[in-house]
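Numbering (this note's numbering), first residue to last: 1 to 125.
Worksheet for the structure shown next.
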Amino acid sequence: MSEKNKILVEATPHYIEAQSAPAESRYVFAYTITITNAGAAPAKLLTRHWLITDANGKIQEVRGDGVIGEQPYLKPGESFRYTSGAMIETPVGTMQGEYTMRTDDGDHFNAPIPRFTLSIPRTLH
(Lines of atoms letter the chains of each structure in order from A; the text may use other names.)
(Lines give C-alpha, C1' and ligand atoms only; values in the text may rest on other atoms or scores of the structure.)
Protein backbone atom coordinates (compact mmCIF):
# COMPACT_ATOMS: atom_id res chain seq x y z
CA MET A 1 0.00 0.00 0.00
CA SER A 2 1.45 3.34 -0.99
CA GLU A 3 1.62 6.35 1.30
CA LYS A 4 -0.94 7.91 -1.04
CA ASN A 5 -3.44 5.18 -0.16
CA LYS A 6 -3.05 4.50 3.54
CA ILE A 7 -6.05 3.56 5.65
CA LEU A 8 -5.68 2.73 9.37
CA VAL A 9 -8.29 0.50 11.02
CA GLU A 10 -8.72 0.15 14.79
CA ALA A 11 -11.21 -2.18 16.50
CA THR A 12 -12.59 -2.21 20.04
CA PRO A 13 -14.71 -5.31 20.82
CA HIS A 14 -17.20 -5.70 23.70
CA TYR A 15 -19.06 -8.78 24.95
CA ILE A 16 -22.87 -8.36 24.99
CA GLU A 17 -23.91 -10.56 27.90
CA ALA A 18 -27.61 -9.64 27.66
CA GLN A 19 -27.88 -11.06 24.12
CA SER A 20 -25.67 -14.09 24.71
CA ALA A 21 -26.77 -17.57 25.75
CA PRO A 22 -23.68 -19.60 26.73
CA ALA A 23 -25.83 -22.70 27.43
CA GLU A 24 -26.84 -22.56 23.76
CA SER A 25 -23.30 -21.80 22.49
CA ARG A 26 -24.30 -18.28 21.56
CA TYR A 27 -21.85 -15.49 22.32
CA VAL A 28 -22.68 -12.03 21.01
CA PHE A 29 -20.11 -9.27 20.62
CA ALA A 30 -20.26 -5.67 19.50
CA TYR A 31 -17.24 -4.03 17.97
CA THR A 32 -16.49 -0.40 17.26
CA ILE A 33 -14.34 0.26 14.22
CA THR A 34 -12.48 3.49 13.55
CA ILE A 35 -11.29 3.95 9.96
CA THR A 36 -8.78 6.77 9.43
CA ASN A 37 -7.45 8.00 6.11
CA ALA A 38 -3.74 8.44 6.89
CA GLY A 39 -2.85 8.75 3.21
CA ALA A 40 -2.55 11.65 0.82
CA ALA A 41 -5.61 10.90 -1.34
CA PRO A 42 -9.35 10.85 -0.56
CA ALA A 43 -10.88 7.36 -0.65
CA LYS A 44 -14.35 5.83 -0.51
CA LEU A 45 -15.06 2.55 1.28
CA LEU A 46 -16.83 0.29 -1.24
CA THR A 47 -17.01 -3.19 0.31
CA ARG A 48 -16.12 -5.19 3.41
CA HIS A 49 -14.78 -8.71 3.80
CA TRP A 50 -14.66 -10.33 7.24
CA LEU A 51 -13.37 -13.66 8.51
CA ILE A 52 -14.87 -14.45 11.91
CA THR A 53 -13.29 -17.51 13.56
CA ASP A 54 -14.42 -19.19 16.77
CA ALA A 55 -12.29 -21.30 19.12
CA ASN A 56 -13.42 -24.48 17.33
CA GLY A 57 -11.97 -23.20 14.06
CA LYS A 58 -15.39 -22.54 12.53
CA ILE A 59 -15.08 -19.62 10.09
CA GLN A 60 -17.88 -17.28 9.07
CA GLU A 61 -17.08 -15.28 5.96
CA VAL A 62 -18.98 -12.02 5.51
CA ARG A 63 -18.87 -9.89 2.36
CA GLY A 64 -20.97 -6.90 1.53
CA ASP A 65 -21.23 -3.36 0.30
CA GLY A 66 -20.11 -0.63 2.68
CA VAL A 67 -20.50 -0.73 6.45
CA ILE A 68 -23.78 -0.30 8.37
CA GLY A 69 -25.48 0.75 5.13
CA GLU A 70 -22.94 3.46 4.36
CA GLN A 71 -19.98 3.88 2.03
CA PRO A 72 -18.00 6.57 3.83
CA TYR A 73 -15.83 8.96 1.83
CA LEU A 74 -12.72 9.95 3.76
CA LYS A 75 -10.50 12.88 2.89
CA PRO A 76 -6.91 12.74 4.17
CA GLY A 77 -6.95 13.02 7.96
CA GLU A 78 -10.65 12.18 8.31
CA SER A 79 -12.03 9.27 10.31
CA PHE A 80 -15.28 7.29 10.30
CA ARG A 81 -16.47 5.30 13.30
CA TYR A 82 -19.23 2.71 13.47
CA THR A 83 -20.39 -0.11 15.71
CA SER A 84 -21.62 -3.49 14.51
CA GLY A 85 -21.87 -6.99 15.92
CA ALA A 86 -21.00 -10.64 15.52
CA MET A 87 -22.16 -13.91 17.04
CA ILE A 88 -19.94 -16.95 17.57
CA GLU A 89 -20.41 -20.34 19.23
CA THR A 90 -17.46 -20.15 21.65
CA PRO A 91 -16.44 -17.68 24.41
CA VAL A 92 -13.36 -16.64 22.44
CA GLY A 93 -12.80 -15.95 18.75
CA THR A 94 -11.13 -13.60 16.32
CA MET A 95 -12.10 -11.26 13.52
CA GLN A 96 -10.03 -9.90 10.66
CA GLY A 97 -10.60 -8.75 7.13
CA GLU A 98 -10.28 -5.91 4.69
CA TYR A 99 -12.12 -3.01 3.17
CA THR A 100 -11.97 -2.34 -0.56
CA MET A 101 -11.41 1.36 -1.13
CA ARG A 102 -11.51 3.55 -4.26
CA THR A 103 -9.67 6.81 -4.80
CA ASP A 104 -11.07 9.75 -6.76
CA ASP A 105 -8.96 8.74 -9.77
CA GLY A 106 -10.47 5.25 -9.80
CA ASP A 107 -7.66 3.27 -8.15
CA HIS A 108 -8.91 0.38 -6.02
CA PHE A 109 -6.92 -0.86 -3.03
CA ASN A 110 -7.50 -3.01 0.03
CA ALA A 111 -7.24 -1.64 3.56
CA PRO A 112 -6.45 -4.51 5.96
CA ILE A 113 -8.44 -4.90 9.17
CA PRO A 114 -5.93 -6.29 11.69
CA ARG A 115 -6.99 -9.39 13.61
CA PHE A 116 -8.66 -8.66 16.94
CA THR A 117 -9.94 -10.94 19.68
CA LEU A 118 -13.53 -11.49 20.75
CA SER A 119 -13.49 -12.70 24.34
CA ILE A 120 -15.94 -12.82 27.21
CA PRO A 121 -14.65 -11.04 30.33
CA ARG A 122 -12.17 -12.97 32.49
CA THR A 123 -11.44 -15.53 29.74
CA LEU A 124 -8.05 -14.20 28.66
CA HIS A 125 -5.45 -13.01 31.15
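Glycine included, C-beta positions come from ideal geometry on N, C-alpha and C.
Reduced DSSP category for ALA86 - H, G, I as helix; E, B as strand; rest coil: ALA86: strand per DSSP, three-state reduction.
Check whether the Cβ atoms of GLY66 and ALA30 sit closer than 8 Å, and answer yes or no. no
Hey, quick one: how far does the beta strand (DSSP E) through ASP107 stretch, first residue to last? Where ASP107 is concerned, there is no enclosing beta strand (DSSP E), given that its DSSP letter is neither H nor E.
For ALA18 and TYR27, I'd like the C-alpha separation in whole angstroms. 10 Å
Quick test of your reading: SER79 and ILE35, contact by CB under 8 Å. State the CB separation rounded to the nearest angstrom. 6 Å
Can you give the Cα-Cα distance for PRO48 and THR90, rounded to whole angstroms? Note on residue identity: the sequence assigns Arg, not Pro, to residue 48. Cα to Cα, ARG48 sits roughly 24 Å from THR90.
Taking only the alpha-carbon atoms, compute the straight-line gap between LYS4 and GLY106 and give it to the nearest angstrom. Those two C-alpha atoms are separated by around 13 Å.
Look up LYS44 in the DSSP assignment and give the residues it is bridged to. TYR73, ARG102
Consult DSSP for ALA18 and reduce its assignment to one of helix, strand or coil. helix
Quick check on GLU78: does DSSP put it in helix, strand or coil? coil
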